[in-house]
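Residue numbers (the working numbering): 230 to 505.
From the three backbone atoms N, C-alpha and C, an ideal C-beta is built for every residue, glycine too.
Please read these numbers as outputs of a predicted model, since none were measured by experiment.
Some notes on the structure that comes next.
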Ligand SMILES: [Zn+2]
């Protein structure tokens, strides 16, 4: 194991109260899960304090939008998603909480705790295409016998949100966001971001990193977590794999359902999805 690794986040900070927010790159050194030092570039002592707090609280990766979201959102809603091939299945998005009450939600894009620092969904809901949703119910049933439920961070994501991420992100940071010209597996209703919670307490199970943490601790093969954290991650990965979900190597929480190529990119908003 490496003696230490570096984490990185980009966070908006104010140099003084009421001042203009600016993006800064925050780096810190992680040694045996303990943050022992940090290097913040081009920031004041006050910002250094922000950097420490941010690092200790499993940072949310954030960027300063290149234009205000109030300007970008109407443009994204008017834009046209990539054309379907023509041989995709008819979409059939299902709301997870209607299938099983042990799906718990923590929909970050309906809060400010996301990459753009502002709510992007008007509703905190989670949908998947029916076969993926039904496979996820089987995962939940298997984990329930071991005392765990599933905590959902995100499922189907309307295409305009992917477009909004792209347009808001400075071009030199485009590697961190999905290209709207392709559309993502989330846009096809076949990707899910999730973790475990303890059925007895309702509390999230500790994993090697926080959700959407842009550090090596988020990697599926990161070996620096505690034994309990690594075991929880393996339990989730194995239960998901048995039902056809593949974990993304860079994000332990992201899983693609095997049939995702059969579904078109969709752009319907949560509030417009018909109730089933
Ligand atoms: Zn994801």
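- By the 16-neighbour rule on beta-carbons within 10 angstroms, residue 422 is buried.
- One Cα belongs to residue 433, the other to residue 380, and the distance between them is close to 7 Å.
- Here residue 427 carries a strand assignment [DSSP, helix/strand/coil].
- DSSP, reduced to helix, strand and coil, places residue 475 within a strand of the structure shown.
- Within 10 angstroms of the beta-carbon of residue 309 lie fewer than 16 other beta-carbons, which makes it exposed.
- Between residue 382 and residue 344, the CB-CB gap reaches or exceeds 8 Å.
- In the DSSP assignment, residue 357 falls within the beta strand (DSSP E) that extends over 356-358.
- Distance from the CA atom of residue 424 to the CA atom of residue 479, rounded to whole angstroms, is 15 Å.
- Remark: the C-beta of residue 383 is in contact range of ligand 1, defined as less than 7 Å to any heavy atom.
- The residue among 456, 477, 401, 398 with its C-alpha nearest the C-alpha of residue 415 is 477.
- About 14 Å separates the beta carbon of residue 413 from that of residue 398, a gap too long to meet the 8 Å contact definition.
- The three-state reading of DSSP puts residue 420 in strand, counting E and B together.
- Counted as a single uninterrupted DSSP element, the beta strand (DSSP E) harbouring residue 484 occupies residues 480-486.
- Judged by beta-carbon spacing, residue 317 lies beyond the 8 Å limit of residue 448, meaning their Cβ atoms are not closer than that value.
- With 16 or more other Cβ atoms from the protein chains shown falling within 10 Å of its own Cβ, residue 472 counts as buried.
- The C-beta distance from residue 372 to residue 325 rounds to 14 Å, too long to fall under 8 Å, and the pair is not in contact.
- Residue burial is scored here from C-beta neighbours: residue 467 has fewer than 16 other C-beta atoms within 10 angstroms and is therefore classed as exposed.
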